[in-house]
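Working notes, structure below.
In UniProt numbering, the protein residues as written are 1 to 132.
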């Protein structure tokens, strides 16, 4: 029977296997597109490189959040991480702003699709207003 609470090592192995699969698919697509071949060793080495980069990014993001006395990483932390690549930072900042604009537009139109939709958690509702 499978362990109900997997260890962090098991989680890491599963994530690494998923990453290996994803990297392999991308490499295969590019090989077909460019009429090239890639060995399994190349895919493994590229996966290790990506894994190491992900670990380093995670450490940096956690450090930024801790420095700001927060427990959670925010988009501001991600944008700070991209500061050394202005083009990437610009693309990411535009993406974040688009999402904020969409969220704000939904809030103004009252589409009721947010996390608190239909639960009476909007601004000013139920806060000591006039009773009828």
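We treat Cβ as the ideally placed atom computed from N, Cα and C, and that holds for glycine.
Limits of the alpha helix (DSSP H) - the one that residue i falls within
| i | result |
| --- | --- |
| residue 6 | From DSSP, residue 6 is part of no alpha helix (DSSP H); its letter is neither H nor E. |
| residue 76 | 75-81 |
| residue 69 | No alpha helix (DSSP H) contains residue 69, which DSSP labels as neither H nor E. |
| residue 104 | 86-109 |
Residue burial classification, residue i (beta-carbon count within 10 angstroms, cutoff 16)
| i | result |
| --- | --- |
| residue 81 | buried |
| residue 47 | buried |
| residue 77 | buried |
Beta-carbon contacts of residue i that lie in its chain and below 8 Å, excluding the five residues immediately before and after
| i | result |
| --- | --- |
| residue 43 | 20, 23, 24 and 27 |
| residue 131 | At residue 131, the pLDDT of 40 sits below 50, so the modelled position is not reliable; the number obtained from the coordinates is stated separately. Nothing meets the Cβ criterion. |
Option nearest residue i by Cα separation, candidates the options
| i | options | result |
| --- | --- | --- |
| residue 79 | 32, 50 and 97 | 97 |
Own chain residues within Cβ distance below 6 Å of residue i, not counting five before or after
| i | result |
| --- | --- |
| residue 88 | 82 |
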